[in-house]
Each structure stands twice: as C-alpha cells, then as structure tokens.
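Protein chains in written order, with the working numbering: chain A, 145 to 589; chain B, 145 to 589; chain C, 145 to 589; chain D, 145 to 589. This report refers to the structure that appears directly beneath it.
Number of protein chains: 4
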Amino acid sequence: MQRGIKIATIGGGSSYTPELIEGFIKRFDELPVREIWLVDIEEGKEKLHIVGNLAKRMVKKANLPIEIHLTLNREEALKNADFVTTQFRVGQLEAREKDEKIPLKYQTIGQETNGPGGLFKGLRTIPVILDICKDMERLCPDAWLINFTNPSGMVTEAVLRYSKIKKVVGLCNGPYGIQRGIADILGVDMKEIYVEFTGLNHMIFAKTIYLHGKDVTEEVLEKMTAPGTDTVSLKNIQDLGWEPEFLRTLNMVPIGYLRYYYQTSKMLAEQLLAAEKEGTRAQVVQKVERELFELYKNDNLDIKPKQLEQRGGAFYSEAACNLISSIYNDKRDIQTVNTKNNGAILDIDRDSAVEVNCVITKHGPIPLVTGELPLEIKGLVQQIKTFEQMAAKAAVTGDYNTALVAMTINPLVSSDTEAKQMLDELLEAHKAYLPQFFKTEGVNV
Amino acid sequence: MQRGIKIATIGGGSSYTPELIEGFIKRFDELPVREIWLVDIEEGKEKLHIVGNLAKRMVKKANLPIEIHLTLNREEALKNADFVTTQFRVGQLEAREKDEKIPLKYQTIGQETNGPGGLFKGLRTIPVILDICKDMERLCPDAWLINFTNPSGMVTEAVLRYSKIKKVVGLCNGPYGIQRGIADILGVDMKEIYVEFTGLNHMIFAKTIYLHGKDVTEEVLEKMTAPGTDTVSLKNIQDLGWEPEFLRTLNMVPIGYLRYYYQTSKMLAEQLLAAEKEGTRAQVVQKVERELFELYKNDNLDIKPKQLEQRGGAFYSEAACNLISSIYNDKRDIQTVNTKNNGAILDIDRDSAVEVNCVITKHGPIPLVTGELPLEIKGLVQQIKTFEQMAAKAAVTGDYNTALVAMTINPLVSSDTEAKQMLDELLEAHKAYLPQFFKTEGVNV
Amino acid sequence: MQRGIKIATIGGGSSYTPELIEGFIKRFDELPVREIWLVDIEEGKEKLHIVGNLAKRMVKKANLPIEIHLTLNREEALKNADFVTTQFRVGQLEAREKDEKIPLKYQTIGQETNGPGGLFKGLRTIPVILDICKDMERLCPDAWLINFTNPSGMVTEAVLRYSKIKKVVGLCNGPYGIQRGIADILGVDMKEIYVEFTGLNHMIFAKTIYLHGKDVTEEVLEKMTAPGTDTVSLKNIQDLGWEPEFLRTLNMVPIGYLRYYYQTSKMLAEQLLAAEKEGTRAQVVQKVERELFELYKNDNLDIKPKQLEQRGGAFYSEAACNLISSIYNDKRDIQTVNTKNNGAILDIDRDSAVEVNCVITKHGPIPLVTGELPLEIKGLVQQIKTFEQMAAKAAVTGDYNTALVAMTINPLVSSDTEAKQMLDELLEAHKAYLPQFFKTEGVNV
Amino acid sequence: MQRGIKIATIGGGSSYTPELIEGFIKRFDELPVREIWLVDIEEGKEKLHIVGNLAKRMVKKANLPIEIHLTLNREEALKNADFVTTQFRVGQLEAREKDEKIPLKYQTIGQETNGPGGLFKGLRTIPVILDICKDMERLCPDAWLINFTNPSGMVTEAVLRYSKIKKVVGLCNGPYGIQRGIADILGVDMKEIYVEFTGLNHMIFAKTIYLHGKDVTEEVLEKMTAPGTDTVSLKNIQDLGWEPEFLRTLNMVPIGYLRYYYQTSKMLAEQLLAAEKEGTRAQVVQKVERELFELYKNDNLDIKPKQLEQRGGAFYSEAACNLISSIYNDKRDIQTVNTKNNGAILDIDRDSAVEVNCVITKHGPIPLVTGELPLEIKGLVQQIKTFEQMAAKAAVTGDYNTALVAMTINPLVSSDTEAKQMLDELLEAHKAYLPQFFKTEGVNV
C-alpha cells in the first residue's frame, strides 16, 4: 500500500456510489485512497459513466489526489486491490420487482432480503460473489472483501463455507442506524452509549443498551413504545407499530426487518395495498433512481446530492468507510459486522456468519462474546440461520430439491405446495441469472 | 411391589380407559398389576363410574386378581403407587372446542397441541401436573409418572424444569404408529426394522429407517410418495398429501402433525371448511364420546368395544403398557419417549425434553444419541422448543407478558397484534382454569 | 452371508486364537460361522500353523462345519469377509519389551497402552490398520472391522478420522471384567445389574451402578474399599490398592489402568522392582507364550487349555463373540465398546472415539447418552483424548514434531527434554516398524 | 463519583503498594482518584504504617489532592468505594514458605499458585475473598472488585460461582509482560503488535502474534528459540530453556509458569537445589521485603524505590491502573484479564473464569472470541480448569474429601497416597487459616 490504497468497487455504477466517494473524501487524512476502480457490466455501462463522472468531479472539487477509474474489466480492477467492495444487483431492479411481485400473487411477503424474494436474490448473487472470490485469490490475495450486496448475511455465509477467501466482512447499515436512533431517543451522543447486538443480518437485536456503563434498555423501550414516539427504524420499512407489551417484554430493540416475522399479516396487507397504489418497493426505487441519475448527469454537480439520502441507504458510507479505515489503521474500535461466529453466539453453529459487535483490527474483525440468545428470539434466529445455510447450498449446487426445501422451511412461506409453485415461477422468471439450475436445457425442473 | 403393582390413573373417567385396562389384562403374566385406581374430579364423576364399571367387568371376564378402585380422592390413589398415569383434560372437551374455534376467528390454525390452542392447553394443564408432582413427592416418591396428557412435550418440559420429580416419562402413540406404518409399507414385521427418531413430541421425524441393518429410508419415501399410496399418518389428521419432491428431499418421515407447519395454509383452509360443515375436531369427538359412553353403560359389555379404536388414540394401550412393563421388568428394549435430552440431540438444550429412542431400564429411559438435527428440520425444531420453554414459563408464572411473547413467537401466529387479541380472548374464555393469570381480580389483563 | 459367516482374523497366529475359536464353537447355534481365515505374516508363520492346527482340532472335536483356513495372504482372507477381527502386534513381544524398558531408563512408566510405550505402539499399529481399512474398502466393503489391537482407543480414533471405513468397533475386555467384578462384589448375577460406563479405552469409569433399578454405587465402593476386599481389576495390573477416601469420593469404579495416572509414583516403583527381579511384563508374557505354544503343539489337545486364562485376556472371547453375534442377529442389547462419540459424552469432541454403553444393532453400535463427565475425572479424560488425537496425527503423518508434542503432553512424561530423549531412542529402536518417520534415509530425526 | 474516585486496597500494607500509588499519581489527569484506603489486619499494622506513610509522602511530592487513609477497619474502607483492589496474603510469607517446603518433602513442586501449594493458597484465600464480596454487596454494591491476589484464576472462579458480586475482574501482570517481551524480540513498540491470548491464569498462551496485521508467530518463536536469545519470562521463574522443537511445534508462546507442567522434573530438581542453597522463593522474598521496608521507613524517600522492581511484580501497576482507568473512562481498549468465559474459549465451560483478551468498557470486560483451544494445549488447560473448580468447591465447603480429590487430580501430584499425605500435613500446617476444615474440633480429618 506504499503508493496509497487501491479500492475496487464491484457494481460501481450504483446510485449509492457518491455516498462512498464522499466517505473516502472526508476520511482522506486517515485513509489515503489513491485509486478507486468502479467496475460494472455491459448493461450498467451508461450508469457507470454518469456516476463515475460525478465521482471525478467530487474528487476534483475536494482537490485530492484520488484517481477514479471506470471499467468493465473486473480483472483489471481487482489486480493488487487492497479492498474490494461489492454493491451490485444481479438482474438490476427489474429482478427485484419480480422478487417482490411474484410472492404477492401467492399471498406471501415479497421482499428482496427475506422470504422467497430473499432466497432468489441469494440464488442469483452467491455464484457471482464466489466467482469474484476466485478472481481475488489470483489477483489480490491479500485484499479484504467488504460485501454490501444483499442478502448480506446469506452471502457472507456462502463465502465462509464455499470460498477460500478468509478476509471477508459482510456489512449492513442497520446496526449503525439503530445505534443512532437509540442515541437520539436518549438525547445523547452515540459515543456515550454501548449497544450489545446479537443476531444475523436483517435479523439483529439491540440486546442490551448501556449509557455510561449503566443498563438503560428498559428505559429506551419505554420511550420507544410511549404514545407518539417514532421507533428506531430503517426508512424503507414502513412504521407499522409494535404491540408495546410485546416489545417491552422482549426487552430488546429489533431491527425493522423483524416486522416481516412478528407482524407478517400486517406487513403483507400493507404490501398488497402499496403494490396496487404505488407499486412495489422496486418500482418506487426505480423512479427515485431515474431522478437521481438525472441529477448526476448535471456537469455542475460536484458533491453528493441531498436527494440521495432518501434512497434508503442512510449511513451506508459511514458503515463502509469506517470499516475500511479501522482495518487499514488497526483502530481496534468496535463495529457491528457479519463475520464467522466462532462462539460469539453460543446457540449458532461456530462456522456460520453472524452479525455481532467486533473489534476491528488490521487482521480483521474479532467478535465479542454475547453468550446465549435470549429464549424469546432464539428459535427464530436459529431457524433463519438454517434457512440461510440451505439457501447457500442451493445457490452453489443449483439443486432444485435443495431450493425447494429452503423455500418450504422459510417461515414466511405458508405451505409446501405454495413453495413449489413460487419456486417454479421464480426460477422461470429469473432463468437468465440462474444458470446453475438450468445446466442441461429443460431437464432439471 | 411385593403384593403386586399399584397403578394410579389420573383422569380415569376418560373414554380411553378401556384401552389401558385391556393392555394390563393382556400383559398380566409379565406385569402383575394388583390395583388400578381410577381418579377423577367431581365433574367427571358420572363418566368415571360408567367406565370404571366396564373396567371391573373386563377384569372379571378375564378372571384376574386385579382390583379396580374408583375415587375422587387423588391422595388416596397416589399413596404408595408404583406408576402414575395421567390422561386428563382440564376443562374437558368444551375447553378444547374453544382452543380450536377461537384461533379460527383470527384465520389461525385451531388445534389442541399446536399454535394458540396448544399454548392454552399447556397453560391449563401444567399447573395441575406440577401439583400432582408435589403430591407424588409426598405420597409415592419412588413412583414413575407416565404422562399421556397433551401437549405431552411441553408438559414433560415443565416437569423437568419446575418439579423435583425425576421419574417422569412423556408418552405419545405417534412414533409407534409411524413404525407400524413403515413396516406395513415395507410389508415386514415391526421387529425387522429399526427406525431412528429425532425431534420433539408432535414434531418428530423418522430420520433413518433400517431393514435388517440396511438403510432403506429412500425406498420407504419413494413408496410413500408414489401415486395412490396411503402415507403414514395419525388418523385424526386428514390426509392432505405432501409435495412428493419435498418429502423425498427431506428424506425423513415426518409425523402427521408437521403438516400444521409445512402445509399451514392448506390445513387452515381445511379446518375452516370442516368447522362449518361438521364442527371442529372437539365437536366431532364429543359426539363419538357420547356414543362410546352409551356403549360402556351396557352391563353386558365386558371387553373393549371395537368402536373405541376409531376414537383416535390407536396404540395408546401399546405405548403405555409396553413402557410400564419395560420399566418394571428392566427389559432394556428400545422405545421412543419424551425425556431429558442430555446430548441425544446435539442442537437442543441438554436440559430440555426431546422425543427420541431410549433404552428402557428399571431406572428409567436412557436416550440413544442421534447427533445433530439435519439442517432441513433443525430450525423449526429449535423454534418450537423455545416456544415450549416460554409456554412452560408462562404457565408456571402466570405472567401475561411471557404468555404474549410465547404466543407471538409461535410460527402459526401471524402477527403480534393477532397474538395479543387471541391471547386476551382465550384468557377470558378459559378464565376458570387459569387462576395463575388472575391472581388479583381484574388487574393482570 | 447365505452360506454362513466368513471371519478374517488378522494376527491369527496369536496365542489368544483358541479363545476366539472356543467362542465361535459355543455360539454356533446363533452365529453360524462357516469360514475362519487366520492370517499372519511371514515372521509369524510357525505360530500360525501351531495355533491353526489346534483350531482345526477344536472344531473337529465339536463336530461343527466350520472351515479353518491358514494364510499369509491377507487379501485372500479379506475377500468377501463379513467380519474382520484384528489382534496383531507389530514387532511382536520384542517391540513391547522396548516400549516397556526404554521409558524405565528415564524414570518413566513403561507400558504398552499408556505413556511413551502406548504412543509407540500406536505409531507402529495405526498405519497397518489404515492399510487393512483400504483393503477392506476394496475386498469386503460391507464387513465390520472389530479391532482388538491395542491401544484400541487410539486405533479407533485413527480409523474414525483417517479412514473411509465407517463400520468399525474398538473392543476391550475391560468393561466386561469390571461388570463381572461388581456383580461378584454384590453377590448377584451380571444380568441383575446395570453399569453406566463413561470414558475412553483404558480410561473408563463405572460411573453409576444400578441393582434392580436402584443406585448402589456407594455400596459397591464401600465394599471395594473395605479392608481385606479384592478390588475389581484386570489381572495384569498388580493390586496396589487405592486410597479408600479417594475412591469413595470419586464414587466411581475406575479401570485398573487408571492407576498409572492416579498412582504414578507407586506404579513406577513397582515396575522398576519387577523389571529387576522378573523382567518387564513383555518378558513375563514371552515366557508364558512359549509354554502355551508348547501345549498347543500337542496333537492330542483339542480344547482351549486352561493355562490360556492366565495369559491376561480374560473375557476376550466373550467380548468379541458377543459383539459379533449381536451385530449379526440385530440383538439390540447393550455392550460397552469404542465408537464415535456423537454426543454420548458431552465434554468430548463429537467426532472422537469414546468407550461407552451402546445398543448393538445390525447397523452398528448406537451410544447411550452419559451427559457431562463428572468434574473429578473430566480433566484427565479430556487430556488423554487430545493426546490420542495428536498421537494418531503423528502416526499418519510421520511428523517428528507432532510426535514430540504428543510425547511431551502425555501426563506420564515428566519434561520436554525427557520427552525428546525418549522419542529419539524409541524411534531408533523401532525404526524397522516406523517407515513413515524415516521416509528419506537419515534426514528426519 | 462526583467528588473523585474512592479506592479501597485490601492488603494495603503490601510491599507492592508504592507501585500502585505511583500508577495512580501518573494517571491522575485521566483518573481523578481522591481517596485511597489502605486496609490491613492487626498482624500487618506495622507494615501498613510504613508503606502508608511512604504513600503519603509520594502523593505530597506529586502535589496531588489524593487522600491516603490507613485503617484496620475494612468496612470503613469499603463504604461507597468505587474500586476495591485486593493484594493480601492470608498467613503472610510464612504460609507461602510452607506451601513451598512441604511438597518438596514429597518430591513434588512447591509453589504458591500451582500444585499442592497453589491449592492451599486457594483454600486459605477464597473464604476471605467471598467474605469481602459479602461486605461489598452491602457497603459498595456498584464497586468493581479488582483481584490481584493469587491464585487469581482460582479466586475469580470462586467469586463467579459462589458470590453474588458480578463486577469482578481477576488480574495478572503476566500477559502484559509477555506482550512486552514479544515487542522487544521484534524490536517494535507494543502498540504495533496484536497478541491473541488464550488459556487460564498462569496457564496462558500467546496463540497468535500479529505485527501490522500480519501473523508473525513463527518468526517470534524462531527468534525465541535461537541460540543465545532470552525467552519471554516472568522474572521469578528461572530460565530453564525449552526444547526448541517443542516450542516451535507448539507455535505459541507459553507463560513461564507452564514450565511447571512441561518441564516438571527439571523444575523440581532446580527447586530442591535452590531450597538447599538459598531457601525457597518465600525465603528469598522475605529477605527482599525486609530490605524494602527498611528503605520505605526512610522519611526522605518520597518516590517508588528502584529496588521494588526486583521484587517480581513487574508491570503490576500498569496492569491494575490501566484496567481501572479503562473501566472508569469507558475506554473500550483491549486488555487481557480473568473473567467469565461465555464462549470465548469454546472448550471451556461457559461459566468458568478464563484469561483472554477483553474489551474494557464501563460496564466491564467483554471477552473476544478465541475459538477452540489448539489440540496441543487443550487437554492440559481443561484439566487445570477442572482442578480449579474442585479446589474452589473444597475451599467453600471445607470438605476434606473434595480437597483430597482436588489434590490427587492435580497433574503435579504423583499419586493418591502422596496426595493424602501432603493434604494432611498442609492442613495441619495451615490449620489457623482454614477454619472451614476444622469446624468441629478434631472430627473432620
């Protein structure tokens, strides 16, 4: 790294990229990035150039010696990279739309990281990630893979189990957001609190909250459930409201995604209504993206536009750049990331990915122990973890039956028959992105 | 036991009692029962006398020196008993009807051992069982408690965790029935096969099937899923048919109750239809029972009437009497019962109740190891186990919030709001049998 | 097996063979053995013929259609065998003598299954066993490997971890002998008691003893430690006497081999004295063997001579033939054997070999759970298990450093320096039988 | 803590106290200590005043508003304390001398934290610590107990299992010293390396060493074992030299105390020689202490004298003050302390004390996961942990038989008979400090 850090960003044409660029610009003093390689595929070429040019203008405005490279050649980008960040979407938002719409036809939640949609996003993404890992072994064996691509937990699980790459971290802005929310509720600075997290990606709980060393979890939950209070939530999950008694008995702050599991019927009703009125989330996002790229095209724009913040990935840049900087600088601070369990959560397989507090060192994240999962959440977390393992296996093997079992055991799916029907319809819909399931034309399904 | 074995049967007025009496009569040579005390409560007095008199006629016909005692005094029955069997139903079939009907109003499966209904049957039953345990400590500390009362797994869990009684076995006729079914499918005698079970009560799987030492699981599943074949099932669960690919990929034979989890939407639709046409299962059973008791009243009847077999508890007598005889005779044969895990299933807490193959010795059942749960079923089994633990805790503490969490985390319940509504309605409906939740009039809920 | 069972006995020229032959003769009704192939190597040819001819006379006298085949061709013997039993000794008793004598020079216990001697017996034996396993894969893939060769626990560990053979059982007559001893102490028949064993081969404890279902462990230990009482012991370990308080507090019956660990200084003193007076155990046994083979040569001898019983392997025939018969007949009775742990002992790796009570089925032994090791013995058992794992690894890899660590961590070895010295001297002494450590002449050590 | 921090130091008359005082003085800016209460017992009154007056002079010289209080009244000192540090020695150095000398009579290592001596130091210390814990519950329930009293691991184990105090940390300067030594070997600053520790107090291993994120463990071990290099060691353990191959194969840096286990015979010979020539360590230390207190008496001395550094507790002040400051300031840095395992080491009971890297927060230390113990060290670490558990149990119950088992299973004790003899002699020798074993005069032993 003598001549500065080289970053390779797979899916560099994403609308999120300005977040990342801004993050690197802000941290240049402690994180001397010299090259950022934005990689994308042929279909994303146009977006890559729009967002890449904005990135160049941002760097220029900041007057920093960061080179922005735009390329469709992944190998060139990976060569000697120090950090590889991934933020791509196989099949673009059109695929997400299918993940959302098809399940709804079966009265099943349609979502991109949970349920049948999450399964299919995993099936499409995992082979690509494993392919990137193989390239990394060859081209940049010492680099860190920072995965932001959803479903981040399932993807990290797959890399841990099916790749030789050891230097991988799965990242989500959720825990950061929850901590911000809790600090807001308490009216204090984030540094004054310590939040012990436990769980999996998109299935994480703020188990215990300390303010100046004192357990204030109960106090936070009372404030959260008091009438008229906004709960901690990710913006792209609508605020449906928890049963106050339930949340207070749980005595933990669940990430908003847990509403899919604890409020299934309400969330489904909401989704059906929204799909009819304004389209699914993918459709909404497509519109937002179009607007963003219109903005990005403006040659006079040389900072991250404010509108990006409404896109949903709040704190994306914070999470990614903080992680990279802590690894680079051996900061040994605490961040909440997806990594190999190794005993951090006692009721989860030691080789599985979990999302827990870690000390971030130059040789990677080291999880802090959290002990046993509280009984209240243990079963669900364990169930989703086995689902993720089955899903990763199906993605790697391309085995129809494994995918069928994964689909059937998902708690959002209501029967083996619906599982089979959705599986068949989604396989057909995503055929172009699931070559592993269609090895010999027309035979497998 | 010098003067012969003393049996105390709590809930002796049950229509099943003739099954048990027949079992003891058939095994008298190896199991010299001298006294059977049928105990019931005031409300069951009439039934107790009808069925008790039939029992007396059966014994007389068999010409055996077995004394049948009928009593409403539980202490007298327990005094120096060798085996205590429990087969009572708190709140009779009227309560079961509520457990079935109320959830249906919320588009939720209504059933007596699963979902909200199972939870409430547990809440009503556990305090009574723990009370019996306390009596046993005093009156027959060396006796074995053979629990047949459902939900048998949850009840055994509660006894293991909250009672001083160590000599407890939870019993279900399900595994015996599955083995019979498998032997039938293979066209062999039950003794020729070995079936390795794993799981929990009403959540059990025949994991591996051996015929003369050879693994024939795949063969059995192919036969089971071939068109036109009857699957192994308990009679009171209708045959809805599994997706053949799902079952074959699972490569295990699930107990029929698992349809509630793997075929939720189908089962619910079926229940709603049946409730409209012929009433819930409780209503059907009530009718069957009325007919049975009419038969039992007949002074000329001195054998178990054939009609009893249609009542649903096939093999009930086999399971109970085989177990008692193996304990009494130190047979060291293998039976599938509910007992403390202790490592038999590696992914379940060592102190929890599991349903696995055990060697039955005079000092109790010793589980055989089954290793890890297959990934395909691990999550669901773990989830139900944590539900059972929460439910047992709620039953013992009478804590509203604990019951709310138990209800919400049950996989058959679709949201926290519906959980709260069902909880409130069921608490009110079963108020008379849930004193622990209503300690101070009108305050708790 | 239509034409009857084929047995292949590796090390068939052993003086123990008449034990085995007698066992098969006695059980012919339930265990229809048709062919016994006694295999040995060139160096054992003479003994093979002497003992083989005795075997033939024994079978003839019993008037049974069992064919005895003598061969130096292992492949011929293994071809289509149903059971392969192993009872060989790499390097004969001369090697044992070195295992015993060399450690004594370093004031360290010299013994063939424990300490430095046990390590070296393992290093010599494991490659041969793994070679047999490879032959079995090819020549008799459905056969059971019944290993009697010491150190049986370490050998079973190696087969479980480094071979593809799944059908392996490690066998020791120790647990059978302890049970016999306990029954004697209690003055009852063996069938009246149930002994729960836990531990490893030659490191096993009778944890709880039941008589007619009642725990009588304390009573047995009081009788064992009462003045003037003989303790349960294997004949070839001298009775040194335990501290009564220690044994009673342990509240378990340890196998005699545990004296090496709990009475190290006394055992060493005893061995040093014996070595001076009568020679080491190997030397004593060599003399006994010479006398036995003189007897065997007698053409008029056609039964197992009584003198064999003093050889030390009491119950050898019982243990081996009972096991084979229970597998063959799917008896599902309980025997104590070495097999994969799989949760039977919670504090030992699930993939390691342990010696515990198992149900013996046609598809193999299934361990019964024993829960956690009692604190009193946990540490030692865990330590020996890791020693066995290191030793097996050293045997397979032939890595000098791994062997050095194994030697140093053995609790009978008093320092890293003595470990290195003994290792070097024993490697040199056994060079002919340790090719894996001398791959490139003179380089490795 | 508004008016500043209150420290209570039990065993305040110790010769180490100036270390502690110096540490507080140096850190006053970040750690505003206002009151230090030095507590001792009647027998230590003189020393307390000598060292206490030196402390006063040191504070005065530093011109800081720290009050030094000297007292024999423990309650007064504990009242509202923020931190309680313990550094006392029950029975003074005379008791240590017995712990060292009596085992030597039995050809057994005599040492104050290992073997029979360590056991007896534990038996004397644990009841006193538990008594302090009871006082703390009443007088300063929010205070942290920082235990420096040896055997620190066993003492922490006892507090975790037998006290209601949750805020306890066991501390040892060993890991700090190892890190310093490693940094020296590498010629870098301590902050540039990261050392992953695993194990127990006085049984700890530097498992992996990172320099700027790169694993350099092998390099460190090669340097350590190169001819002429000083190994990392605590000063009070003589440098006997490891077998280079052993250490390099281990591929970890063991704390010097591990020589007692891996070099038992050499260490014993060394001790026997030293005892004859210069006396045991206690005798040497007594002499050093006498000289130190002579220095302390000097009214002109107002700084920590250099000679104290030779006393053996190098880095004592660093370890203690760093810990207290990190708790007080919620620093979240990494220190290696004794705390509840909770999954940090997978092969050790989750409720036991382990010595591992922890993040130090205001609500206490949180262990970082270390995964499974390497096979090479697993057995010994597990064995010592069970010894510690048995020892703690014996200390609390005063049960002779439990103490006998603890003594016998210690790996440094060579037989049950010697165990009993040493136990009896040490019990008699320490009778005055072991009231729990002599409850009814003359009955128990």
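Glycine residues also receive a C-beta, built at the ideal position from the N, C-alpha and C atoms.
- Item | Span of the alpha helix (DSSP H) around Y405(C) | 403-406
- Residue environment, L198(A), which counts as buried when at least 16 other CB atoms sit within 10 Å: buried
- Cβ pair C465(A), G167(A) closer than 8 Å: yes
- Query: Opposite M280(A) in the DSSP bridges: which residues?
  - Reply: Its beta-bridge partners do not exist; DSSP assigns none.
- Message: Suppose the cutoff is 7 Å on Cβ atoms and the five residues either side in sequence are ignored; what does the same chain contact list for I468(A) look like?
- Response: L175, F227, I290
- Closer than 8 Å to chain A by CB, K150(D): no
- Query: Between the Cα of E389(B) and the Cα atoms of E186(A), S296(A), L567(A), which residue gives the shortest distance?
  - Reply: L567(A)
- Query: Using a C-beta cutoff of 8 Å, does Y160(A) count as contacting chain D?
  - Reply: no
- I326(C) to D333(C) span [Cα, whole Å]: 10 Å
- Query: Looking only at C-alpha atoms, which of G297(C), K537(C), Q430(C), Q526(C) sits nearest to E241(C)?
  - Reply: Q430(C)
- What number of angstroms, rounded off, separates the C-alpha of I276(B) from the C-alpha of I553(A)? 38 Å
- According to DSSP, which residues form a beta bridge with G318(A)? According to DSSP, which records beta bridges pairwise, G318(A) is partnered with nothing at all.
- Task: Return the Cβ separation of V183(D) and G156(D) in integer angstroms, given the expectation that the two are a contact with Cβ distance under 8 Å.
- Result: 5 Å
- Close-in-space but distant-in-sequence residues of the same chain around A573(A) (CB under 7 Å, 5 per side omitted): K242, I246
- What residues from the segment 485-519 of chain A come within 7 Å of chain D, judged by C-beta to C-beta, listed N to C? N486, G487, A488, L490, R494, V503, T505, K506, H507, I510, P511, L512, V513, G515
- Task: Pair every Cβ in the segment 265-281 of chain A with every Cβ in the segment 212-222 of chain A, then say whether three or more of these pairs are closer than 8 Å.
- Result: yes
- Task: Could you tell me which residues DSSP pairs with F227(A) in its beta bridges?
- Result: I151(A), W288(A)
- Message: Within 10 Å of its beta-carbon, does R434(A) have 16 or more other beta-carbons around it, so buried, or fewer, so exposed?
- Response: exposed
- What did DSSP end up calling M396(C) once you bin it into helix, strand or coil? coil
- Does the pairing of the segment 506-522 of chain C with the segment 471-488 of chain D give three or more beta-carbon distances under 8 Å? no
- Return the residue from the list I212(A), Q533(A), N501(A), L570(A) that minimises the CA-CA distance to E323(A). Correcting the residue type first, residue 323(A) is Gln in the shown sequence and not Glu. Checking every option, the nearest Cα to that of Q323(A) belongs to N501(A).
- Within chain B, partners of M534(A) - CB distance below 8 Å: L519, E520
- Query: Can the beta-carbon of R178(B) be found closer than 8 Å to that of I210(B)?
  - Reply: yes
- Could you give the distance in angstroms between the alpha-carbon of Y338(C) and the alpha-carbon of L304(A)? 46 Å
- Message: Quick check on DSSP: helix, strand or coil for Q430(D)?
- Response: helix
- Query: What's the gap between the Cα of I471(D) and the Cα of T252(A)?
  - Reply: 49 Å
- Task: Give a yes or no on contact between the segment 342-359 of chain D and the segment 392-409 of chain D, applying the rule of three or more CB pairs nearer than 8 Å.
- Result: yes
- Item | Pick from P295(D), E362(D), R218(D), W288(D) that is closest to E256(D), judged by C-alpha positions | P295(D)
- Item | Residue closest to I273(C), alpha-carbon to alpha-carbon, out of I309(C), G254(C), M551(C), A239(C) | I309(C)
- Starting from T552(D), find everything on chain C with Cβ-Cβ shorter than 7 Å and list it in chain order. F390, Y406
- Message: Which residue wins for smallest C-alpha separation from Y320(C), given the options A576(C), K537(C), A550(C), E499(C)?
- Response: E499(C)
- Using Cβ-Cβ distances below 7 Å, what residues of the segment 448-475 of chain D are close to chain A? D474
- Pairwise C-alpha distance: V299(D) and D495(D): 14 Å
- Please report the Cβ distance between R268(A) and A239(A), rounded to the nearest whole angstrom; I am assuming they are in contact, meaning their Cβ atoms lie under 8 Å. 7 Å
- Query: Within the 8 Å Cβ cut-off, does W181(D) reach chain C?
  - Reply: no
- Using a beta-carbon distance below 8 Å, is L402(C) in contact with chain D? no
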